[in-house]
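Visitor:
In the numbering used here, the protein residues as written are 351 to 445.
(1) For the 8 Å Cβ check, are there 3 or more pairs between the segment 407-427 and the segment 377-397?
(2) Is residue 381 helix, strand or coil when you go by DSSP?
(3) Please check the pair residue 433 and residue 400, which I expect to be a contact at CB under 8 Å, by giving their CB distance rounded to whole angstroms.
(4) Kindly indicate which residue of 422, 420, 383 has the alpha-carbon position closest to the one of residue 395.
(5) In three-state terms, what does DSSP make of residue 359?
This is how it looks when you write it as structure tokens:
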């Protein structure tokens, strides 16, 4: 089974949310429908801008916690290295 550490954004350089899941497509849909997190619902943080895969849940959780502790600038660098235009990556999940 794969586990995903992901970052959602409200818009380019907007509000960020970091999470972990074993079903990225479902989890993004949960955020968009407002059932996943009060934070993402309140601040409309629905664009998937970054995701990485892990084989071990403990490793994924450690990575999520580490990224959450990072300075905002480091999170932005991580996103922009993989997704310079901050495109919504949700479409790529269905391919």
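All C-beta atoms in this analysis are idealised placements derived from N, C-alpha and C, irrespective of residue type, glycine included.
Guide: So, from the listed chains and residues:
(1) By the C-beta criterion, the segment 407-427 is judged not to be in contact with the segment 377-397, since fewer than 3 inter-stretch pairs fall below 8 Å.
(2) As a working mapping, residue 381 is identified with position 31 in the chain shown. In the structure shown, residue 381 sits in a helix (DSSP, three-state: H, G or I).
(3) Against the chain shown, residue 433 aligns to sequence position 83. Against the chain shown, residue 400 aligns to sequence position 50. Correct: roughly 6 Å between the Cβ atoms.
(4) Here residue 395 is taken as the residue at index 45 of the chain shown, counted from 1. Residue 383 is the option with its Cα nearest to residue 395.
(5) Taking the first residue of the chain shown as 1, we reach residue 359 at position 9. Of the three classes helix, strand and coil, the one that applies to residue 359 here is strand, per DSSP.
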